[in-house]
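Position 170 (the sequence shown) corresponds to 175 in our numbering; numbering is contiguous. All residues carry an ideal CB built from backbone N, CA and C; glycine is no exception. Below is one structure; the comments refer to it alone.
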Amino acid sequence: MTTPAQQSPDAQTPASDRTTPPPQGEAGAGGAASLWRDRQFRTFWSAQSVSEFGDRISELALPLIAVTMLNASPSQAGFLTAAVWLPNLASLFIGSWVDQHRDKRPLMIAADLTRTVLLLSLPAAYWLDILTLGQLYAIAILAGTAHVVFNTAYASFFVRLVKRDQYLEANSKLAATRSISFIAGPAVGGLLVQWLTAPIALVVDAISFLFSAVQVSRLKVEPGEADGGEESLLARARAGMGYLLRHPYLRASLGCATTVNFFNMIGMALLVLFASRNLELSAGTIGIAFGIGASGGLVGALAAKTLARLIGAGRLIAISSVIFPASLGILAFADGPVWMRAGTLVVAEFVGAFAVMCFDIPLNSLQAAVTHDHMRSRVAGAFSSINYGVRPLGAVIGGLLGTWLGVRETLLISAAGGLFAVLWLLPSPIIRTRDLQALEPPAMSRLRG
């Protein structure tokens with residue numbers, strides 16, 4: 006449940022590894038269309054695609070419930086966004102716990118079913134007339150925890166599904182579908198909220214998680230080896246964090262993505278509130294604007310592979326890390342008649358969505374290439390603990406700044422601060438990286454300790 010259309014960098018969506026066995030579908034032959042011929046990948050893709058479309062509704066409906074039905078202040082809107090990301094502070098330990106399980110699939114199914122039940126509780130509370138901000142905060146935290154469990158399990162599960170030479174293709178396909186969901190999802194979500202009310206619209210997202218659980222349960226992927234050993238959870242967590250912070254590629258990408266996310270969330274926490282109150286746009290108009298602007302993500306997802314080949318993956322990551330945060334500054338200047346205000350929202354969303362795809366796809370693929378298979382879940386957890394863990398702080402600061410200085414001013418601070426993210430990349434080997442296929446994980450002995 007992130008904020009609509011203009012997404013923060015994920016920068017830990019794992020792909021494959023040289024130690025990964027071939028997937029059990031038909032993708033072994035390679036080629037541009039091979040993954041579409043792989044039944045296993047298509048099943049997983051359908052689960053993720055439907056869930057993504059459902060998420061677009063919740064990302065719009067939850068803040069609108071707070072702002073329009075519960076009269077939330079800017080600081081309370083910031084607290085709600087913070088609650089969504091708060092569980093990521095525990096990602097390091099959750100990822101270390103997940104690594105102890107040989108089969109990650111049951112954890113992913115349980116996470117989906119948990120989110121189904123949690124989301125259904127909101128329309129139930131609305132019907133009983135007992136809906137409160139406190140419940141929204143609780144649902145955001147619990148659903149966020151389930152999201153962390155799913156993502157850290159996915160880090161190891163996905164490498165059993167997709168071969169190393171297909172990970173850029175797989176990331177591009179999943180990212181393209183995600184971008185399409187940002188085009189249609191917010192528009193549909195906005196209309197559903199306007200016609201049915203926000204709590205009722207959440208039923209659609211709940212159903213999408215149920216569908217995802219069913220599809221994941223159908224996958225027949227050989228479980229990896231449990232990396233449990235005799236280590237305690239604390240020792241495993243410490244090893245994962247040490248690996249991350251000693252790794253020259255992962256350390257630089259962590260610093261860059263974390264800086265972007267911190268400043269980005271300062272502005273994103275107030276995005277729906279700004280569009281609704283300051284720009285005086287209706288829920289339907291906001292949803293349509295988000296949907297049109299999100300087409301930039303689809304364009305970016307389709308162009309990322311070509312751009313990475315033309316200018317180099319490292320340079321593309323660096324350029325995108327500058328453009329993405331700057332896009333929020335465009336929105337701060339929105340004014341004039343309704344069509345102009347909505348149009349400025351569209352432009353800001355388009356630029357941000359395009360840039361974040363050009364950031365995420367090459368960086369996710371780079372991280373997958375340089376991370377050892379046995380460290381994936383705990384490294385993904387360690388990465389998320391910091392990268393996603395700063396989002397609650399950014400959201401709270403954004404809410405407070407919006408109350409003290411004004412929402413427009415806060416958007417400008419958000420845009421300006423995010424520009425510092427590129428400084429992490431300039432002295433790192435990432436900026437010099439062109440061909441991802443040439444990258445290999447460094448020796449474990451160099452990074453453990």
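CA-to-CA distance, residue j to residue i, given in whole angstroms
{"i": "Val356", "j": "Gly422", "result": "17 Å"}
{"i": "Met380", "j": "Pro253", "result": "16 Å"}
{"i": "Gly386", "j": "Leu136", "result": "33 Å"}
{"i": "Gly317", "j": "Ile297", "result": "29 Å"}
{"i": "Phe49", "j": "Leu224", "result": "7 Å"}
{"i": "Ala469", "j": "Gly100", "result": "The requested residue 469 does not occur in the structure, where the chain is confined to residues 6 to 454."}
{"i": "Leu238", "j": "Asn392", "result": "21 Å"}
{"i": "Gly394", "j": "Phe267", "result": "9 Å"}
{"i": "Leu147", "j": "Leu118", "result": "12 Å"}
{"i": "Ala280", "j": "Asp378", "result": "43 Å"}
{"i": "Leu284", "j": "Leu69", "result": "14 Å"}
{"i": "Glu414", "j": "Ala181", "result": "33 Å"}
{"i": "Glu174", "j": "Leu133", "result": "47 Å"}
{"i": "Ile435", "j": "Ala257", "result": "8 Å"}
{"i": "Ile402", "j": "Ser419", "result": "10 Å"}
{"i": "Ala211", "j": "Arg110", "result": "19 Å"}
{"i": "Leu303", "j": "Glu354", "result": "12 Å"}
{"i": "Ser54", "j": "Val265", "result": "26 Å"}
{"i": "Leu94", "j": "Ala71", "result": "24 Å"}
{"i": "Leu4", "j": "Leu141", "result": "Shown here, the chain extends from 6 to 454; a query on residue 4 therefore has no answer."}
{"i": "Arg437", "j": "Leu431", "result": "9 Å"}
{"i": "Asp340", "j": "Asp440", "result": "44 Å"}
{"i": "Ala115", "j": "Ala160", "result": "16 Å"}
{"i": "Met270", "j": "His152", "result": "18 Å"}
{"i": "Val384", "j": "Trp429", "result": "19 Å"}
{"i": "Ser186", "j": "Ala358", "result": "12 Å"}
{"i": "Leu127", "j": "Leu275", "result": "22 Å"}
{"i": "Ser96", "j": "Ser389", "result": "6 Å"}
{"i": "Leu371", "j": "Ile291", "result": "35 Å"}
{"i": "Leu315", "j": "Thr263", "result": "27 Å"}
Given residue i as reference, the closest of the options once Cα atoms are compared
{"i": "Ala143", "options": "Ser281, Asn283, Ala130", "result": "Ala130"}
{"i": "Val219", "options": "Leu441, Asp340, Thr121", "result": "Thr121"}
{"i": "Met113", "options": "Pro128, Leu141, Ala337, Ala52", "result": "Ala52"}
{"i": "Val209", "options": "Arg61, Ala116, Thr73, Ala244", "result": "Arg61"}
{"i": "Phe295", "options": "Gly403, Glu174, Ala347", "result": "Ala347"}
{"i": "Phe338", "options": "Gln105, Ser325, Val352, Phe329", "result": "Val352"}
{"i": "Gly272", "options": "Ala87, Gly305, Ser56", "result": "Ala87"}
{"i": "Ile2", "options": "Gly190, Trp90, Thr263, His152", "result": "Outside the shown range of the chain (6 to 454) lies residue 2, about which nothing can therefore be said."}
{"i": "Leu124", "options": "Ser56, Gln105, Asn176", "result": "Ser56"}
{"i": "Leu40", "options": "Val153, Ala145, Lys168", "result": "Lys168"}
{"i": "Val226", "options": "Phe187, Leu166, Ala203", "result": "Leu166"}
{"i": "Leu350", "options": "Ala360, Phe359, Arg44, Leu336", "result": "Leu336"}
{"i": "Gly286", "options": "Gln45, Ser325, Thr73, Phe329", "result": "Note that residue 286 is Leu in the sequence shown here, rather than Gly. Comparing Cα positions, the closest option is Thr73."}
{"i": "Val361", "options": "Ser325, Val375, Asn369", "result": "Ser325"}
{"i": "Ala373", "options": "Leu315, Ala145, Val164", "result": "Val164"}
{"i": "Gly247", "options": "Val89, Gln105, Thr376", "result": "Thr376"}
8 Å Cβ cutoff met for residue i and residue j
{"i": "Leu416", "j": "Leu333", "result": "yes"}
{"i": "Ser300", "j": "Phe58", "result": "no"}
{"i": "Ile366", "j": "Ser222", "result": "no"}
{"i": "Leu91", "j": "Gly149", "result": "yes"}
{"i": "Ala288", "j": "Val198", "result": "yes"}
{"i": "Leu312", "j": "Leu321", "result": "yes"}
{"i": "Val277", "j": "Leu75", "result": "no"}
{"i": "Gly404", "j": "Ala82", "result": "yes"}
Interface flag, residue i vs chain B, CB-CB below 8 Å
{"i": "Arg413", "result": "Looking for chain B here will not work: only one protein chain is present."}
Runs of 3 residues minimum, wholly inside the region 375 to 419: which ones carry the beta strand (DSSP E) assignment? none
Extract the residue ranges of the alpha helix (DSSP H) inside the region 243 to 278, only unbroken runs of 4 or more that lie entirely within it. 253 to 273
4 or more residues per run - each alpha helix (DSSP H) lying fully within the region 76 to 139: 79 to 90, 96 to 104, 110 to 132
Ignoring anything shorter than 4 residues, give me the alpha helix (DSSP H) runs that lie fully in the region 42 to 80, in order along the chain. 44 to 69
What are the uninterrupted segments assigned as alpha helix (DSSP H) that are 4 or more residues long and contained completely in the region 183 to 227, given in chain order? 203 to 223
Runs of 4 residues minimum, wholly inside the region 307 to 388: which ones carry the alpha helix (DSSP H) assignment? 318 to 336, 343 to 375
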